[in-house]
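Everything in the sequence shown is counted per my numbering, starting at 13 for the first residue and increasing by one.
Cβ atoms here follow ideal geometry from the backbone N, Cα and C, with glycine treated the same way.
A short write-up of the structure that comes next.
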Amino acid sequence: MSKSRHVSETQATQMLRKHGIAFGEHPYDYVEHGGTGESARQLGVDEHHVVKTLVMEDDKAQPCIVLMHGDRTVSTKNLARQIGCKSVQPCKPEVAQRHSGYLVGGTSPFGTRKRMPVYVEASVLALERIYINGGRRGFLVSIAPAVLTALLGAKPVECALAE
Numbered sequence: 013m014s015k016s017r018h019v020s021e022t023q024a025t026q027m028l029r030k031h032g033i034a035f036g037e038h039p040y041d042y043v044e045h046g047g048t049g050e051s052a053r054q055l056g057v058d059e060h061h062v063v064k065t066l067v068m069e070d071d072k073a074q075p076c077i078v079l080m081h082g083d084r085t086v087s088t089k090n091l092a093r094q095i096g097c098k099s100v101q102p103c104k105p106e107v108a109q110r111h112s113g114y115l116v117g118g119t120s121p122f123g124t125r126k127r128m129p130v131y132v133e134a135s136v137l138a139l140e141r142i143y144i145n146g147g148r149r150g151f152l153v154s155i156a157p158a159v160l161t162a163l164l165g166a167k168p169v170e171c172a173l174a175e
């Protein structure tokens with residue numbers, strides 16, 4: 013069975029096109045639990061430049077999106093302190109899917125079903141280009157990180173921990 017390298021439109025690419033955002037399309041072979049390490053390896057890019065989209069919730073079960081370097085984890089304690097709540101934790105996969113409208117492993121911060129606050133690790137914004145999920149498993153888009161603040165209103169935070 014041959015896999016086509018063409019990726020059809022997603023909610024994410026539709027949103028980017030609608031706003032006139034230039035982006036590169038980078039399909040790869042999705043590997044269950046492969047994460048950003050796998051996509052970075054297949055695409056030949058630094059995992060630090062691959063940004064994961066995490067759907068989290070605060071102590072009042074209010075969802076938010078956290079954008080983090082692929083080779084870092086989120087300090088939920090630091091994040092909670094910076095966004096002014098008691099605690100933050102990752103959503104269960106089915107809850108994340110309900111909020112975002114995307115399958116886990118294919119979650120993009122663009123074109124989500126529900127509008128949620130977006131937080132981005134500040135150092136992500138200093139990169140020249142980032143690779144971020146394009147709304148489907150096995151599909152990243154490359155964009156200028158400024159798009160995150162311009163289009164999503166992403167607020168910079170500092171909550172990265174080395175993996």
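One or two residues paired with residue i in a DSSP bridge
{"i": "A138", "result": "Looking at the DSSP assignment, A138 forms no beta bridge with any residue, so it has no partner."}
{"i": "T22", "result": "Paired residue(s): none; T22 is not in a bridge."}
{"i": "Q109", "result": "Per DSSP, none; premise fails for Q109."}
{"i": "G101", "result": "A small correction: the amino acid at residue 101 is Gln; Gly does not occupy that position in the sequence shown. BP columns for Q101 point to E69."}
{"i": "H45", "result": "Answer by DSSP bridge pairing: none, since H45 is not bridged."}
{"i": "P157", "result": "Answer by DSSP bridge pairing: none, since P157 is not bridged."}
{"i": "E50", "result": "For E50, which the question treats as bridged, DSSP gives no partner whatsoever."}
Coil, strand or helix - residue i by DSSP
{"i": "I33", "result": "coil"}
{"i": "L91", "result": "helix"}
{"i": "L79", "result": "strand"}
{"i": "K127", "result": "Residue 127 is actually Arg in this sequence, not Lys. Residue state, collapsed to three classes: coil."}
{"i": "S195", "result": "With the chain covering 13 to 175 only, the question about residue 195 has no answer from this structure."}
{"i": "L152", "result": "strand"}
{"i": "G146", "result": "strand"}
{"i": "V57", "result": "coil"}
{"i": "A174", "result": "strand"}
{"i": "V62", "result": "strand"}
{"i": "L164", "result": "helix"}
Contact belief for residue i with residue j at Cβ below 8 Å, rounded distance in angstroms
{"i": "I192", "j": "L163", "result": "Because the chain here runs from 13 to 175, residue 192 falls outside it and cannot be looked at."}
{"i": "T25", "j": "N145", "result": "The Cβ separation is near 11 Å, so there is no contact."}
{"i": "A174", "j": "Y131", "result": "Not really, about 19 Å apart at Cβ, beyond 8 Å."}
{"i": "G150", "j": "P75", "result": "Rounded, the Cβ-Cβ distance is 24 Å, inconsistent with contact."}
{"i": "S154", "j": "G36", "result": "4 Å"}
Own chain partners of residue i with C-beta closer than 7 Å, once the 5 adjacent residues on each side are dropped
{"i": "P157", "result": "V136, L137, L139 and I142"}
{"i": "M1", "result": "Because the chain here runs from 13 to 175, residue 1 falls outside it and cannot be looked at."}
Sequence-distant residues of the same chain with beta carbon closer than 6 Å to residue i, five excluded per side
{"i": "M80", "result": "K64, V86 and E133"}
{"i": "D70", "result": "C97 and V100"}
{"i": "D83", "result": "E59, H60 and E175"}
{"i": "Y42", "result": "R149 and G150"}
Heavy atom of the ligand NAP within 6 Å of residue i beta-carbon
{"i": "C97", "result": "Of the ligands one can find in the structure shown there are none, so the ligand NAP has no counterpart to examine."}
Spatial neighbours of residue i in its chain, beta-carbon cut-off 8 Å, leaving aside the 5 residues before and after
{"i": "L91", "result": "M68, V78, V100, Y131, V169 and C171"}
{"i": "T124", "result": "Q23, I77, H111, S112, G113 and Y114"}
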